[in-house]
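Student: With our numbering, you'll find the sequence shown wraps up at 1094, consecutive numbering, no jumps.
Each residue gets a CB set at the ideal place from its N, CA and C atoms; glycine is no exception.
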Amino acid sequence: MITPAQITALLESEADDPILIVTSGTAVVVPAAALGTERYRGAMEVVSRQDLVSRLGTGTPSRDGLEEIAARLDTTVAQLGA
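#1: Do the CB positions of Met1056 and Leu1092 come within less than 8 angstroms of each other?
#2: With a Cβ-Cβ cutoff of 8 angstroms, do Val1059 and Leu1085 count as a contact?
#3: Could you give the DSSP three-state label for Glu1057: helix, strand or coil?
#4: Is the distance from the Cβ of Asp1028 to the Cβ of Ala1045 below 8 angstroms?
#5: Let me check one thing: in DSSP terms, what residues is Pro1030 bridge-paired to?
#6: Report buried or exposed for Arg1075, applying the criterion of at least 16 other Cβ atoms within 10 angstroms of its Cβ.
#7: Taking Pro1030 as the reference, which of Arg1053, Gln1018, Ser1036 has the closest Cα?
#8: By the DSSP assignment, the alpha helix (DSSP H) with Gly1077 in it spans what residues?
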């Protein structure tokens, strides 16, 4: 569900305060302001770019780093039942 491409999309997003969410079984990057809209009601917030960069210590992880992050987030989302 969570892929390295989605992590890259989050890190490279031009949206204001982008967040990776899962809605209807699909992971997407949206601006934080969109979370309050009807379209994203009930979506699971996975991670914001700010939190991700803070955890990583960089905004440009390696390919292996992207794969590791995606796998960890995917496992967490699966365990939470999204």
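Tutor: Answer, in terms of the structure:
#1: In this structure, the beta-carbon distance from Met1056 to Leu1092 falls below 8 angstroms.
#2: In contact: Val1059 and Leu1085 (Cβ atoms closer than 8 angstroms).
#3: strand
#4: yes
#5: Per DSSP, Pro1043.
#6: exposed
#7: Gln1018
#8: 1075 to 1092
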